[in-house]
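Report on one structure; see the data block that follows.
This is the structure in structure tokens:
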């Protein structure tokens, strides 16, 4: 296949990125600018036009999916499936998969056996807990998961146990330093490596055995790195070691889309490329093939405020297009209603509704709860990408199990879920002995726990552990008779030790606590009910929401996902929810200029997912930990000039925004005199104004048809449906698409 074919569908800058084959090359590829096309065409060009043997070419990226896409495109460019033998392909893979291949051949030089085991997260935790036991460290005082997270971070920066110990300053770091060495020794003793070791051991191999490094330098004459802005210190050093001999290093990426510093990614790797390679050729891809110009102008206006970036301006031949729209919602429930109504209005214009065109992006997973319930209520099919439905998340199931046991201690399923969550050293054998005792004595598992002293098969310490847990349940049950559902969750979270187990300083732990905070917000709408009833009605509604049977997980569904998860994807219509201080930018970024810039890049990534339409949302107030608080518009909205956006924020709400302390500079969208879209911006008040039903009301359900209300308590109604195949059902008012006739 000749060069004319390879180059004919490329723009001038893409062609330059393909035909520049010698020496170091940095391609700054803006969002939607054809990054993968340029990279794959370049590899095919090397093989076809320069007769470079495929075995002399290396291409690395970050995910198996991206590597697979790269491989498929190169096969197509080289002649198509069936015409290309695997031996005719270059080495293509993730950093980890490439390094595993290297280690399988050479790790014996580091005193491992070549058939080593790769430990996953659970394996790591088992090993670390064993080290805790050896060193007599109480896991309640030091979280094993937090220790492993810090060790992982150290490995990504290529910091050895000795170096980590030398630079440890805090009490916690000194504890980690004491465990890092034994952890590495434990891995080696088991002939195992963890995920981070795969890179770190490869660097160690190359440094200790230059002859091995030379072999791969000679083999891979041309080195390509995709998404270079996402490389960490280990990946950066590996790349430079491999390219040091021939300096044919080709990296492609976009500093404006660097959003993974919490994983160890270092934006300086791409910004400092010219310092590492002064002779480098820099090529910038600015023509966008995804979005309309109005969308790109919004993204550009915001990202241009960042200091750590190379100047570039995205443009497109699609100069026409609808302006982005800004909406102020009353609260998170209203936000979901407005987005849902926009989607319904759009799909009604088509004979075959295509919900796949719509995506809702949010900063934190906890925000999905209001969206999910809003979409359920409106009958909009949806799916969550890269995440789990709110009520299916482990931390939510754990907390609800605690509450179920408090409400009904005979619920053995819930009891068994939490008996060792967090870790209480009540293992399967102990549980089995309690179950046997319960069967013999014809009592519940809960009652058997309270009678642990009578279980002869249990040792003294085990009896005490079981009794301690039983006393915890007793305390929780006693408390539940005095407080409402939201207060009960807060109390349980602290008293059970669950909060402490999650609050380990990791991003994952923080996200899980945010989800529980959202659960507290959900439960607070029952706080006006009597304490015992409050918890019971809340649990009943949650079970109805969690088990709702009218959800559509098929392909034709709207998508809900985090902004981080959306990178690399595109959708015709994009809704960005929760553009408020503390959410985007996230609260933890407020005191760090570097983290604040990354939050701005995240907003840029979210905007540039949109092909046709972009909608921005913030709320007047939002519920946190069961309390409604005033929300402050995101500072990123200040950066958008008024002529780039249609502001559906009416005058009274503009004054409210100013009252929140929001500075309104000249030219801001908040000083816009544009009329509000009153036909769309209908006021949907807070949770207290959910539809109310009385016994005997005739209703209609979108799926089940007509029915009669038999009973209504709190947010739960019992309905007898006309269709005998459906019969009587309990439904949660907050999500059921139920209307009075």
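Residue numbers (this note's numbering): -18 to 722.
Backbone N, C-alpha and C define an ideal beta-carbon position, used for all residues, glycine too.
Cβ-based neighbour list, residue i, same chain, cut-off 6 Å, excluding 5 preceding and 5 following
| i | result |
| --- | --- |
| residue 339 | 324, 539 and 554 |
| residue 379 | 402 |
| residue 108 | 167 |
| residue 37 | 202 |
| residue 541 | 341, 349, 352, 363 and 365 |
| residue 499 | 347 and 350 |
Expected contact under 8 Å - CB spacing of residue i and residue j to nearest Å
| i | j | result |
| --- | --- | --- |
| residue 132 | residue 164 | 6 Å |
| residue 341 | residue 352 | 6 Å |
| residue 246 | residue 287 | With 8 Å as the limit, residue 246 and residue 287 do not qualify as a contact, their Cβ atoms being about 16 Å apart. |
| residue 595 | residue 279 | 7 Å |
| residue 494 | residue 557 | Between residue 557 and residue 494 the Cβ distance is about 23 Å, and since that is not below 8 Å, they are no contact. |
| residue 207 | residue 47 | 7 Å |
| residue 251 | residue 197 | Actually they are not in contact, since the Cβ atoms of residue 251 and residue 197 sit about 23 Å apart, beyond 8 Å. |
| residue 381 | residue 586 | At roughly 33 Å, the Cβ-Cβ gap does not stay under 8 Å, so residue 381 and residue 586 are not in contact. |
| residue 676 | residue 721 | About 13 Å separates the two Cβ atoms, so there is no contact after all. |
| residue 374 | residue 269 | That pair is no contact at about 36 Å. |
| residue 174 | residue 99 | 6 Å |
| residue 20 | residue 205 | 6 Å |
| residue 578 | residue 569 | Rounded, the Cβ-Cβ distance is 14 Å, inconsistent with contact. |
| residue 505 | residue 607 | 4 Å |
| residue 630 | residue 307 | 6 Å |
Range covered by the alpha helix (DSSP H) that runs through residue i
| i | result |
| --- | --- |
| residue 339 | First-last for residue 339: 339 to 343, but that is the beta strand (DSSP E), not the alpha helix (DSSP H). |
| residue 382 | 375 to 388 |
| residue 67 | Element bounds for residue 67: n/a, residue is neither H nor E. |
| residue 109 | 102 to 115 |
| residue 418 | 409 to 422 |
| residue -6 | -7 to 0 |
| residue 599 | Residue 599 -> not in any alpha helix (DSSP H); beta strand (DSSP E) instead, spanning 591 to 600. |
| residue 450 | 441 to 461 |
| residue 8 | Here residue 8 belongs to no alpha helix (DSSP H); instead the beta strand (DSSP E) covers 6 to 10. |
| residue 586 | 574 to 588 |
Close-in-space but distant-in-sequence residues of the same chain around residue i (CB under 7 Å, 5 per side omitted)
| i | result |
| --- | --- |
| residue 666 | Its pLDDT being 35, under 50, residue 666 is placed unreliably by the model, and nothing is read from it. |
| residue 703 | 686, 687 and 688 |
| residue 254 | 7, 232 and 261 |
| residue 35 | 28, 69, 70 and 71 |
| residue 507 | 465, 466, 515, 518, 519 and 695 |
| residue 25 | -13, 55, 58 and 59 |
Helix, strand or coil at residue i [DSSP, three-state]
| i | result |
| --- | --- |
| residue -14 | helix |
| residue 201 | coil |
| residue 712 | strand |
| residue 207 | coil |
| residue 44 | coil |
| residue 77 | helix |
| residue 616 | helix |
| residue 19 | helix |
| residue 551 | coil |
| residue 622 | strand |
| residue 285 | coil |
| residue 434 | helix |
| residue 492 | helix |
| residue 706 | coil |
| residue 508 | coil |
| residue 237 | helix |
| residue 121 | coil |
Extent of the continuous beta strand (DSSP E) to which residue i belongs
| i | result |
| --- | --- |
| residue 611 | 608 to 611 |
| residue 157 | That residue, residue 157, is in no beta strand (DSSP E); its alpha helix (DSSP H) goes 152 to 170. |
| residue 682 | 679 to 682 |
| residue 721 | 719 to 721 |
| residue 627 | 626 to 629 |
| residue 128 | Unbroken run through residue 128 is the alpha helix (DSSP H), 125 to 137; no beta strand (DSSP E). |
Neighbourhood of residue i by C-beta, 8 Å cutoff - its chain only, sequence neighbours within 5 removed
| i | result |
| --- | --- |
| residue 513 | 461 and 462 |
| residue 719 | 672, 674, 680, 681, 682, 698, 700 and 712 |
| residue 600 | 309, 310, 311, 312, 313, 315, 316, 559, 561 and 612 |
| residue 158 | 142, 145, 146 and 149 |
| residue 474 | 380, 480 and 497 |
| residue 446 | 405, 406, 407 and 411 |
Between the stretch 456 to 473 and the stretch 509 to 522, do three or more beta carbon pairs fall short of 8 Å? yes
Is there contact between the stretch 576 to 585 and the stretch 228 to 239, where contact requires at least three CB pairs shorter than 8 Å? yes
Counting beta carbon pairs with one atom in the stretch 143 to 163 and one in the stretch 187 to 198, are three or more of them shorter than 8 Å? With a cut-off of 8 Å, the stretch 143 to 163 and the stretch 187 to 198 do not count as touching, because too few Cβ pairs lie within range.
Three-pair Cβ contact test at 8 Å for the stretch 563 to 578 versus the stretch 341 to 349: The stretch 563 to 578 is in contact with the stretch 341 to 349.
For the pair the stretch 5 to 16 and the stretch 251 to 268, tell me if three or more CB-CB distances fall below 8 Å. yes
Below 8 Å, how does it come out for the stretch 483 to 490 and the stretch 436 to 444: are there three or more Cβ pairs, yes or no? no
Is the stretch 375 to 390 touching the stretch 450 to 459, taking contact as three or more C-beta pairs under 8 Å? Touching, yes.
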